[in-house]
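**Student:** When you line the sequence shown up against this note's numbering, it's residues 205 to 296, in that order.
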Amino acid sequence: MFPPKRYATAAVSREIPLAVQLFLWQCIDAPPFSPDYLQVFELSTEGGKLRIVHTQECPDYCKEYLLLSFVPITAKLYVIDDETVITTENVA
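1) Quick check on the DSSP output: the alpha helix (DSSP H) that includes F227 runs from which residue to which?
2) Excluding the 5 residues flanking V257 on each side, which residues of the same chain have their C-beta closer than 6 angstroms to its C-beta?
3) Measure the Cβ-Cβ separation of E261 and D233 and say whether it is below 8 angstroms.
4) Which of the three DSSP states, helix, strand or coil, is assigned to V275?
5) T249 and P221 look like a contact to me (Cβ under 8 angstroms); what is the Cβ gap, rounded to whole Å?
6) Just verifying my parser: in three-state terms, what is the DSSP assignment at S217?
7) Among P236, L254, F237, which residue has its Cα nearest to the Cα of Q225?
8) On a Cα-Cα basis, can you pick out the residue from G252, L271, A279, D285 that is closest to A215?
Written out as structure tokens, the structure is:
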């Protein structure tokens, strides 16, 4: 799952710093389980840090990260794997 072809919508490319995007891909690539076709990331700024909550449904998974904040970000990202292409979409 999660083939090498990865795309981000224009909004993600414009609003989410590249370093954060790369961190999110790393979260998907290194879980202790086989990732679900749908990964969800909720980003918010908390006390000068970037809070990232990474979830999926099957198997049930939730992990929270706190990173030094680059810029204030509030977004909800869906990463969808259709077995040929992965697309990241910002819905916030």
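Yeah, the Cβ is synthetic: ideal placement off N, Cα and C, and Gly gets one too.
**Tutor:** In short, the structure shows the following:
1) Locating residue 227 in the sequence shown gives position 23, counting from the first residue. Residues 222-233.
2) Against the sequence shown, residue 257 aligns to sequence position 53. E246, E268, listed in sequence order.
3) Counting from one through the sequence shown, the residue named residue 261 turns up at place 57. Counting from one through the sequence shown, the residue named residue 233 turns up at place 29. Cβ distance not < 8 angstroms, so E261 and D233 don't count as in contact.
4) Here residue 275 corresponds to residue number 71 of the sequence shown, with the count starting at 1. Three-state DSSP puts V275 in coil, outside helix and strand.
5) Sequence index remark: in the sequence shown, residue 249 carries index 45 (1-based). Sequence index remark: in the sequence shown, residue 221 carries index 17 (1-based). About 13 angstroms separates the two Cβ atoms, so there is no contact after all.
6) Mapped onto the sequence shown, residue 217 falls at position 13. Note: S217 maps to helix in three-state DSSP.
7) Within the sequence shown, the letter at position 21 stands for residue 225. If we check each option's Cα against that of Q225, L254 comes out closest.
8) On the sequence shown, residue 215 is found 11 positions in, with the first residue counted as 1. Per the Cα distances, A279.
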